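K.L.:
Note that my numbering has the sequence shown beginning at 86, numbered continuously upward. The beta carbon of each residue, even a glycine, is placed where N, CA and C say it ideally should be. Just so you know, these numbers come straight off a predicted model, no measurement behind them. Could you have a look at this structure, given as structure tokens, before my questions?
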Amino acid sequence: MVHRSQGRATLGGKLSAVLVAAGSSVGLGNIWRFPYVVGENGGGAFLVIYVLCVLLFGLPIMLAEFSVGRASHRNAVGAYRKLDRRWKFLGYNGVLAAFLILGFYFVVSGWTAEYMVQSVTGGLAHCTAPEQYAAFFEGFIAHPWRPLVYTGLFILATHVIIAMGVQKGIERSSKLLMPLLLVVLLALAVHSLLMPGGGEGLRFLFRPDFSKVTPATVLVAMGQAFFSLSIGLGTMVTYASYFKPETDLRKTAFNVTLLDTLVAVLAGVVIFPAVFSVGIAPTSGPSLVFITLPGIFNGMPLSMVWSTVFFLLLVIAALTSTLSLHEVLTAYMQEEWGLSRRRAAWTTTAATAALGALASLSLGVLGGWKICGLNIFDSLDYLTANILLPAGGFVTCIFVGWFMDRRKFEAQITNNGAFRAWFFVALRWLLRYFCPVVLLLMFLDNLKVFH
Ligand code: PHE
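Quick look at the structure:
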């Protein structure tokens, strides 16, 4: 459905707001990044902290971003500028973060596309032992041009959908196959749980051991929550600028958060039993999922079908996320620089393709290029998730909690008084006091100010 109000697109139907926002949230962050950071940070205790971050910070900040977007009907920079000029730097922080995230996200998306193709052609089925999965993966990502081809194809697919226009492209692709992803994950989780020694993986994921928690763990959990929910960088501002006035922001945010967390935890239930059963190190980092999944599929009847369907769904989940990141940049250039939508889309595509190529090559031939000891790919991942997004979230709390016109904010959350106000009062309290104070303490603690 296409609606136009004041020359600007809006999303049709009640479902659409939830679908596009969930499309943005659910992606590689849940299925690739979540298991690997859980694995690197000790398991159960990290999960508890993560869920707290989602509920106490993720949900309120998502609502704050929704309100800013729908109150202003603008891109991330324009939205803050329209509400209060002094805060437009917050929009720029988001535009920068979206650009840097796309730089490595496109690369990982390319890997999923390669794994989908290798599932169809049977290339993956040749491996039988964990070392072989690892060698296969390492060989692929360090290859001088193969990953570039897949990354390029992925960028092109994103570009074509974005250039088709907001509603047509994004809405339609978001409606696709999301429930199917959940069903397939459930089936894989059952299979994984039945693997010999799988119980140990479950204990790792669900039995908290708080002795392993450090200030850095909290920062990583917070960063993962922001990354997974697509908040702290104006994605939700941009998307909410297309929402209709009747959309219930509270329900939308609640459903998106619930779905996103469900998919992440399910991915953990799929991955960790297999990790322990096959004897892979949970601390394997970004390769964890790619070396664990083939082992799961190979043990299943009709392994090729499962593997193909799974990677196809993962490609689609990644695509609905890259669309939302691309849209942040495209909407920004279109509205702030006055470019046509096509031009804006092409500029975004060209710039992110260049950064993506660098990030991809940094896992092979450009491995020697380091920033603070990390290669380009890892530094983009670390800088955005652990610094730019939580910092963006912090400033969002301050702006919406203290500086945005209270009536404007309340009108968004209660749909002009259609819903009761107690929820708004609680939300505003979290945004004014709790969230910014804790986020600030967390940053200071990580800078070792208290030691
Ligand atoms: N949330 C997406 C995921 O989990 C990634 C993303 C981050 C998308 C930030 C948009 C903005 O895969």
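By how many angstroms is the C-alpha of Gly486 removed from the C-alpha of Ala106?
P.N.:
For the purposes of this step, residue 106 is taken as residue 21 along the sequence shown, with counting starting at 1. For the purposes of this step, residue 486 is taken as residue 401 along the sequence shown, with counting starting at 1. If you take the alpha carbons of Ala106 and Gly486, they lie about 23 Å apart.
K.L.:
Please state whether the Cβ-Cβ distance between Val322 and Ala214 is less than 7 Å.
P.N.:
Position 237 of the sequence shown, counting from 1, holds the residue named residue 322. Position 129 of the sequence shown, counting from 1, holds the residue named residue 214. Against a cut-off of 7 Å, the Cβ pair of Ala214 and Val322 comes out as no contact.
K.L.:
Does the beta-carbon of Tyr326, which I'm using as the reference point, lie nearer than 6 Å to any heavy atom of ligand 1?
P.N.:
On the sequence shown, residue 326 is found 241 positions in, with the first residue counted as 1. First, the amino acid is wrong: residue 326 is Ser here, not Tyr. Checking the Cβ of Ser326 against ligand 1 gives no.
K.L.:
Tell me which residue opens and which closes the beta strand (DSSP E) that Thr95 is part of.
P.N.:
As a first step, residue 95 is located in the sequence shown; it is residue number 10 there, counting from the start. Its beta strand (DSSP E) spans residues 93-96.
K.L.:
Compute the minimum distance between the beta carbon of Ser204 and the heavy atoms of ligand 1, and state whether it is under 6 Å.
P.N.:
Position 119 of the sequence shown, counting from 1, holds the residue named residue 204. Because no heavy atom of ligand 1 lies under 6 Å away, the Cβ of Ser204 does not count as near it: no.
K.L.:
Can you look up Lys533 in the DSSP assignment and give me helix, strand or coil?
P.N.:
Mapped onto the sequence shown, residue 533 falls at position 448. In this structure, Lys533 counts as coil in the three-state DSSP scheme.
K.L.:
Looking at the structure shown, is Asn460 part of a helix, part of a strand, or coil, going by DSSP?
P.N.:
As a position in the sequence shown, residue 460 is number 375, starting the count at 1. In the structure shown, Asn460 sits in a strand (DSSP, three-state: E or B).
K.L.:
With a CB to CB cut of under 8 Å and the five nearest residues on each side skipped, what residues in its chain are close to Phe225?
P.N.:
If you number the sequence shown from 1, residue 225 lands on position 140. The answer, listed in chain order, is Trp196, Glu199, Arg231, Pro232.
K.L.:
If you draw a straight line from the C-alpha of Ala130 to the C-alpha of Ser296, how long is it?
P.N.:
Counting from one through the sequence shown, the residue named residue 130 turns up at place 45. Counting from one through the sequence shown, the residue named residue 296 turns up at place 211. Their backbone Cα atoms lie some 9 Å apart in a straight line.
K.L.:
How many whole angstroms separate the CB atoms of Met527 and Leu304, which I take to be in contact at a CB cut-off of 8 Å?
P.N.:
Locating residue 527 in the sequence shown gives position 442, counting from the first residue. Locating residue 304 in the sequence shown gives position 219, counting from the first residue. Right, the Cβ-Cβ distance comes to about 6 Å (below 8 Å), so this counts as a contact.
K.L.:
I believe Val103 touches Val341 by the beta-carbon criterion, under 8 Å. Please report the beta-carbon distance rounded to the nearest angstrom.
P.N.:
In the sequence shown, residue 103 corresponds to position 18, counting from 1. In the sequence shown, residue 341 corresponds to position 256, counting from 1. Going by Cβ atoms, the distance from Val103 to Val341 rounds to 6 Å, so yes, they are a contact pair.
K.L.:
If you compare alpha carbons, which of Asn531, Leu516, Cys138 is closest to Phe488?
P.N.:
The count along the sequence shown starts at 1 and reaches residue 488 at position 403. Closest by alpha carbon: Leu516.
K.L.:
Give me the Cα-Cα distance between Lys336 and Thr206, rounded to the nearest whole angstrom.
P.N.:
Taking the sequence shown and counting its residues from 1, one reaches residue 336 at position 251. Taking the sequence shown and counting its residues from 1, one reaches residue 206 at position 121. Taking the straight line from one Cα to the other gives about 43 Å.
K.L.:
In this structure, does DSSP put Lys167 in helix, strand or coil?
P.N.:
Taking the first residue of the sequence shown as 1, we reach residue 167 at position 82. Lys167 falls in the helix class under three-state DSSP.
K.L.:
Taking DSSP as the reference, what is the three-state secondary structure of Lys329?
P.N.:
What you label residue 329 is simply residue 244 of the sequence shown in a count that begins at 1. Looking at Lys329 - three-state DSSP - the assignment turns out to be coil, as it is neither helix nor strand.
K.L.:
Between Gly282 and the rest of its own chain, which residues show a CB-CB distance below 6 Å, the 5 nearest in sequence each way excluded?
P.N.:
The count along the sequence shown starts at 1 and reaches residue 282 at position 197. Excluding residues within five positions, the ones whose Cβ falls inside 6 Å are Phe361, Ser362.
K.L.:
Drop a sphere of 10 angstroms on the beta-carbon of Gly423, count the other beta-carbons inside from all chains shown, and report buried for 16 or more, exposed for fewer.
P.N.:
By one-based count along the sequence shown, residue 423 stands at place 338. Flag for Gly423 reads exposed.
K.L.:
Quick check for students: name the residue ranges of the alpha helix (DSSP H) that lie wholly in the stretch 508-532, counting only runs of 4 or more.
P.N.:
Entirely contained in the stretch 508-532, the alpha helix (DSSP H) runs reaching 4 residues are, in chain order, 520-531.
K.L.:
How should Glu412 be labelled, buried or exposed, when 16 other C-beta atoms within 10 angstroms of its C-beta is the threshold for buried?
P.N.:
Within the sequence shown, numbered from 1, the residue matching residue 412 stands at position 327. By the 10 Å Cβ count, Glu412 comes out buried.
K.L.:
What is the rounded straight-line gap between the Cα of Gly353 and the Cα of Asn471?
P.N.:
Here residue 353 refers to the residue found at position 268 when the sequence shown is read from its first residue. Here residue 471 refers to the residue found at position 386 when the sequence shown is read from its first residue. One C-alpha to the other measures close to 21 Å.
K.L.:
Which runs of the alpha helix (DSSP H) fall wholly inside the stretch 256-338 and span at least 4 residues, in chain order?
P.N.:
Within the stretch 256-338, the complete alpha helix (DSSP H) runs of at least 4 residues are 257-260, 263-278, 283-291, 300-314, 320-325.
K.L.:
Would you grab the beta carbon distance between Ile116 and Gly317 for me? Rounded to a whole angstrom, and I think it's under 8 Å.
P.N.:
Residue 116 sits at position 31 when you count from the first residue of the sequence shown. Residue 317 sits at position 232 when you count from the first residue of the sequence shown. So it is not a contact: roughly 20 Å between Cβ atoms.
K.L.:
With a threshold of 8 Å, are at least 3 pairs of Cβ atoms found where one atom belongs to the stretch 416-431 and the other to the stretch 209-223?
P.N.:
At 8 Å Cβ cutoff, the stretches do not touch.
K.L.:
How would you write the range of the alpha helix (DSSP H) that Ala210 sits in, first residue to last?
P.N.:
For the purposes of this step, residue 210 is identified with residue 125 of the sequence shown, where counting begins at 1. Segment: none, Ala210 is in no alpha helix (DSSP H) and carries neither H nor E.
K.L.:
Which residue marks the beginning of the alpha helix (DSSP H) containing Pro228, and which one marks its end?
P.N.:
The residue you call residue 228 lines up with position 143 of the sequence shown. One point to set straight first is that residue 228 is His, not Pro, in the sequence displayed. Taken as a continuous stretch (DSSP letters only), His228 belongs to no alpha helix (DSSP H), as it is neither H nor E.
K.L.:
Distance check for Ile134 and Ala149, CA to CA, integer angstroms please.
P.N.:
Locating residue 149 in the sequence shown gives position 64, counting from the first residue. Locating residue 134 in the sequence shown gives position 49, counting from the first residue. One C-alpha to the other measures close to 22 Å.
K.L.:
Which first and last residues belong to the alpha helix (DSSP H) in which Gly447 is found?
P.N.:
By 1-based counting over the sequence shown, the position of residue 447 is 362. Sequence check: residue 447 is Ser here, not Gly. Unbroken run through Ser447: none, as it is neither H nor E.
K.L.:
Looking at C-alpha atoms only, which residue of Arg505, Phe508, Phe484, Phe519 is the closest neighbour of Lys167?
P.N.:
Translated into positions along the sequence shown, residue 167 becomes position 82. If we check each option's Cα against that of Lys167, Phe484 comes out closest.
K.L.:
Quick one, what's near ligand 1 if you take every residue whose CB is closer than 6 Å to any heavy atom, in chain order?
P.N.:
The filter returns Ser109, Ser110, Gly112, Leu113, Gly114, Asn115, Ile186, Phe312, Ser313, Ser315, Leu318, Thr320, Ser406, Ser409, Leu410, in chain order.
K.L.:
Under 8 Å, with one C-beta from each stretch per pair, do the stretch 151-158 and the stretch 491-498 reach the 3-pair mark?
P.N.:
Yes, the stretch 151-158 touches the stretch 491-498.
K.L.:
Using only CA atoms, which one of Phe395, Gly250, Pro264, Val193 lies nearest to Leu238?
P.N.:
To locate residue 238, count along the sequence shown from 1; it is residue 153. For the residues Phe395, Gly250, Pro264, Val193, the minimum Cα distance to Leu238 belongs to Val193.
K.L.:
Below 6 Å CB to CB, which residues in the same chain sit around Thr393 once its five sequence neighbours on both sides are set aside?
P.N.:
Here the question's residue 393 lines up with position 308 in the sequence shown. Answer for Thr393: Ser204, Val205, listed in chain order.
K.L.:
DSSP puts Lys455 in a beta bridge; with which residues?
P.N.:
Residue numbering aside, residue 455 sits at position 370 when the sequence shown is read from its first letter. DSSP lists Asn460 as partners of Lys455.
K.L.:
Can you tell me the Cβ-Cβ gap for Thr437 and Gly188, rounded? I've got them flagged as a contact below 8 Å.
P.N.:
Position 352 of the sequence shown, counting from 1, holds the residue named residue 437. Position 103 of the sequence shown, counting from 1, holds the residue named residue 188. Rounded, the Cβ-Cβ distance is 6 Å, consistent with contact.
K.L.:
In chain order, what residues of the same chain lie with their CB nearer than 6 Å to the CB of Met307, ignoring the 5 residues before and after it?
P.N.:
Numbered from its first residue, the sequence shown carries residue 307 at position 222. Cys138, Pro475.
K.L.:
The alpha helix (DSSP H) spanning Gly129 covers which residue range?
P.N.:
Locating residue 129 in the sequence shown gives position 44, counting from the first residue. 129-138 is the span of the alpha helix (DSSP H), which, as asked, contains Gly129.
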